[in-house]
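In our numbering, the protein residues as written are 823 to 1016. Glycine included, C-beta positions come from ideal geometry on N, C-alpha and C. I have placed the structure first, in the form of structure tokens, so that the comments after it can refer back to it.
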């Protein structure tokens, strides 16, 4: 199995989370490709829906590496989005990466868990894990779980075990987090969060 880690090295705590994920992938003997959002230089999605109307499945912003980024994501078995929690969402660099996945969907809808989500464009998508750190309080952590859960619903990758949130001030060196991430990589994790 192959895994892509998308994180932003500019986020405080990102280095430690990257180390935990690298260790977990290594323990599962999985190759891990690390993409630093601050180095990708993806432009923000402009919400033009050109990837649905003008050039289905292809973003109109082609000169920033976006098409190659999407090819890499679709080819992976797993994608991990690791980010500082900002207002219940990803930090800006990782959010750019998540938003640029819009071409992977159709403009048409389907019902998932009683909610409307876009139809899938392709037959196969990677399993997705959201790792947030620095949530200011329980409400922000819940918002992060809801937001990232909806993102995973859009990519047919919903599992309660696929969202992790460390609160602000948490010890990112805590061994429990490393063990839980190793369990996720090995497929032994069936629910819960840090």
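Check this for me: beta carbons of residue i and residue j, under 9 Å apart or not?
i	j	result
residue 918	residue 862	yes
residue 921	residue 866	yes
residue 845	residue 1003	yes
residue 894	residue 826	yes
residue 903	residue 953	yes
residue 927	residue 941	yes
residue 887	residue 864	yes
Since residue i contacts residue j with CB under 8 Å, what's their CB separation in whole angstroms?
i	j	result
residue 871	residue 906	Actually they do not touch by this definition, with Cβ atoms about 29 Å apart.
When burial is assigned at 16 or more other CB atoms within 10 Å of the CB, is residue i buried or exposed?
i	result
residue 999	buried
residue 973	buried
residue 1013	Residue placement at residue 1013 is poorly supported in this model, since its pLDDT is 43, which falls under 50; the coordinates still yield a value, given next. Burial call: exposed.
residue 950	buried
residue 873	buried
residue 869	exposed
residue 945	exposed
residue 1016	In this prediction, residue 1016 has a pLDDT of 44, which is less than 50 and means its spatial position is unreliable; nothing more can be read from the coordinates.
residue 976	buried
residue 960	exposed
Are the stretch 902 to 917 and the stretch 958 to 972 touching, with three or more C-beta to C-beta distances below 8 Å? yes
Those runs of the alpha helix (DSSP H) which lie wholly inside the stretch 831 to 872 and span at least 4 residues: 836 to 849, 859 to 862
Count Cβ pairs between the stretch 842 to 852 and the stretch 871 to 883 that sit closer than 8 Å; are there 3 or more? no
Along the chain, which unbroken stretches of the beta strand (DSSP E) at least 3 residues long are found entirely within the stretch 880 to 940? 900 to 906, 927 to 934
Considering only residues of the stretch 964 to 1009, which uninterrupted beta strand (DSSP E) runs meet the minimum length of 3 residues and lie entirely inside it, listed in chain order? 985 to 989
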